[in-house]
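Here's the structure we're looking at; comments come further down.
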Amino acid sequence: MGETNQKSGSPQQQQQPLLTPYKMGNFSLSHRVVLAPLTRMRSYGHIAQPQAVLYYSQRTSPGGLLISEATGVSDTSIGYPNVPGIWTKEQIEGWKPIVNAVHEKGGIFFCQIWHSGRVSDYCFQPNGQAPISCTDKPVGGEFQIDGTKAPAYPAPRRLATEEIKQVVNDFAVAARNAMEAGFDGVEIHGANGYIIDQFLKDQVNDRTDHYGGTMENRCRFAFEVVEAVAKEIGADRVGLRLSPFADYNDCPDSNPEALGLYMAQELNKYGILYCHVIEPRMITQFEAHDTHNSVLPMRKAFKGTFMVAGGYTQRDGNEVVGNGGADLVAFGRWFLANPDLPRRFELNAKLNKYDRSTFYTHDPVVGYTDYPFLEAADK
Ligand SMILES: Cc1cc2nc3c(=O)[nH]c(=O)nc-3n(C[C@H](O)[C@H](O)[C@H](O)COP(=O)(O)O)c2cc1C
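The opening residue of the sequence shown carries number 3 in the numbering used here; numbering runs sequentially from there.
Laid out in structure tokens, this is it:
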């Protein structure tokens, strides 16, 4: 600490668009380097654990925005081992010290609220029942989240029309619980092939009621969730994450440009704080590829804060903010491996490499809170 070029407003900081302040609704961000939501599977019993206090506070900077890992909204929402939830009192209590630690360091913390839908298994469901979805078609393919080959997911149970409002309500209750835990807002997880994305995408949603078929119908569930959550905690505390172009978890759409644009346009009706979109170049979950697709039409259509993620480096992060393509950039793997990422950008410092083999392991320290800070890495 103590170098002159770390002070806010220093010439070096002003040169980098990523390090300029930004007013996101009522929140004053001191820079635009956001911690992307990252599932870390260290929440034993689906309760956020004390080790997350250190993990998140390591990644906090004054005026920096953090988005939590995907956090289950109900007992049917869970799809992986040791991921946190926010539907019980104990889970809310588990989050409190973590949120406090982020606030003590001046961070702004949003909880990503999530339902896995059909990307789940009997063992995660109450009474060993089938996971729920908009469809009864199982996820195809053999690969699971950590890249290991595993048996295919079980066939889900198709939700009856009248059951859908219960799931919508689960998101609203989770949002209220997130407020009780002290979070500043929530990000609704509408991306990556989980339940909202399952409803959105025409290659998965095969419903014949008013939640399936036309684009308007497929988007209905997402908007009902947005509306219910916004009503519960205020639209100025709500973000939505989308990945129209991605087909993770076997969840593609035949016309992602149209879907993304429609979502971005219609979202304006709800006045939510931000829209967070995964770049089309992330065709596979962890690799960037060349593509002619762009999120720019969504950026232009959406009137609130626009956040992008997916394969960003310091250089193209600065570019996209500098050329107005986005207001904020969420960094996943680089932030995972570099707890002091904004400061490293400020100093144009070298980055720690990330270790994929410990992304999803359950150790409370290894691959979690043991990535070195700059001072330590330099020694
Ligand atoms: C270990 C790991 C866990 C992730 N967990 C989540 C998650 O919980 N919710 C989510 O929306 N995206 C999740 N993602 C996707 C990231 O938020 C991000 O979109 C992705 O890593 C691409 O950004 P990057 O190139 O900066 O890493 C995860 C990614 C990784 C590597």
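Ideal Cβ placement from N, Cα and C applies to all residues, glycine included.
task = Return the residue from the list G313, G119, D342, S135 that minimises the CA-CA distance to R335.
result = G313
key: Own chain partners of Y370 with C-beta closer than 8 angstroms, once the 5 adjacent residues on each side are dropped   = R42, R44, Q53, Y57, T360
task = Starting from C277, follow the beta strand (DSSP E) in both directions and report where the run begins and ends.
result = Counting along the chain, the unbroken beta strand (DSSP E) around C277 starts and ends at 276 to 280.
task = Return helix, strand or coil for Q93, following the three-state DSSP convention.
result = helix
key: Backbone CA spacing between Q60 and D172 [nearest angstrom]   = 31 angstroms
key: Through-space distance from F333 to V101, alpha-carbon basis   = 20 angstroms
task = Decide if T163 is buried, meaning its Cβ has at least 16 other Cβ atoms within 10 Å, or exposed.
result = Per the 10 Å Cβ criterion, exposed.
message = Tell me whether the stretch 14 to 33 and the stretch 75 to 92 touch, counting them as touching only if at least three CB pairs, one residue from each stretch, are closer than 8 angstroms.
response = Taking a contact to require three or more Cβ pairs closer than 8 angstroms, the stretch 14 to 33 and the stretch 75 to 92 do not qualify as touching.
message = Whole angstroms are fine: how far does the CA of D318 sit from the CA of L353?
response = 15 angstroms
ask   = Comparing alpha-carbon positions, which option in V279, Q316, D292, M284 lies nearest P299?
value = V279
ask   = Cβ of F361 versus every heavy atom of ligand 1: is any distance shorter than 6 angstroms?
value = yes
Helix, strand or coil at M284 [DSSP, three-state] = Coil, per DSSP.
query = Rounded to a whole number of angstroms, what is the C-alpha to C-alpha distance between E165 and N350?
reply = Those two C-alpha atoms are separated by around 52 angstroms.
ask   = Whose C-beta lies closer than 6 angstroms to the C-beta of I197 among residues of the same chain, with five residues either side of it excluded?
value = H117, G119
task = Specify the secondary structure class of M3 as computed by DSSP and reduced to three states.
result = Here the model assigns M3 a pLDDT of 30, short of 50, so the residue's position is not dependable, and the following value carries that caveat. Looking at M3 - three-state DSSP - the assignment turns out to be coil, as it is neither helix nor strand.
query = Between V331 and chain C, is there a C-beta pair that is closer than 7 angstroms?
reply = Given the protein chain composition of this structure (a single chain), no chain C is represented.
task = Pull up the CB-CB distance for C136 and Y213, whole angstroms please, since I reckon it's below 8 angstroms.
result = 6 angstroms
task = Inspect the beta-carbon positions of D255 and L261 and report whether they are closer than 7 angstroms.
result = yes
request  = Mind checking who A112 pairs with in its DSSP beta bridge?
outcome  = Strictly speaking, residue 112 in this sequence is Phe, with Ala absent from that position. Residue pairing by DSSP places F112 opposite I69, G187 in a beta bridge.
inquiry  = Quick check on the burial criterion: 16 or more other C-beta atoms within 10 angstroms. Buried or exposed for T62?
reply    = buried
request  = Say yes only if the C-beta of I198 is nearer than 6 angstroms to one or more non-hydrogen atoms of ligand 1, and no if none qualify.
outcome  = Taking the Cβ of I198 as the reference point, every heavy atom of ligand 1 lies at 6 angstroms or farther away.
query = Between H234 and R178, is the Cβ-Cβ spacing less than 7 angstroms?
reply = It should be pointed out that residue 234 corresponds to Glu in this sequence rather than to His. It is a contact, given that the beta carbons lie within the stated cut-off.
ask   = So is R220 buried or exposed if we call it buried at 16+ other beta carbons inside 10 Å?
value = R220 comes out buried.
query = When DSSP labels each residue in this structure, what does Y57 get in the three-state scheme?
reply = helix
request  = Could you spell out where the beta strand (DSSP E) holding M217 opens and where it closes?
outcome  = Per DSSP, M217 belongs to no beta strand (DSSP E); it is in the alpha helix (DSSP H), 217 to 235.
inquiry  = Does the stretch 87 to 102 come into contact with the stretch 181 to 192, if we say contact requires no fewer than three beta-carbon pairs (one atom in each stretch) closer than 8 angstroms?
reply    = yes
task = Output the boundary residues of the beta strand (DSSP E) element that contains K25.
result = 24 to 26
message = Does Y373 pass the burial test, meaning 16 or more other C-beta atoms within 10 Å, or should it be called exposed?
response = buried
request  = Below 8 angstroms on the Cβ atoms is my guess for N320 versus Q18; work out the distance and round it to an integer in Å.
outcome  = 5 angstroms
Closest Cα partner of H294 within the set D357, E268, F247 = F247
ask   = Under 7 angstroms, do V323 and L20 count as touching if we go by C-beta distance?
value = yes
query = Relative to ligand 1, what is the chain-ordered list of residues with a Cβ closer than 5 angstroms to any of its non-hydrogen atoms?
reply = The filter returns A38, P39, L40, T41, E71, A72, A311, G312, G313, F333, G334, R335, F361, in chain order.
L343, enclosing alpha helix (DSSP H) - first and last residue = Segment 343 to 348, the alpha helix (DSSP H) holding L343.
request  = For T363, I'd like the list of residues in its chain whose CB is within less than 8 angstroms of its CB, leaving aside the five on either flank, ordered along the chain.
outcome  = M43, G369
task = Starting from V331, follow its DSSP beta bridges and name the residues at the other end.
result = Bridge partners of V331: V35, V310.
task = Pull up the distance between the alpha-carbon of T210 and that of C253, whole angstroms please.
result = 18 angstroms
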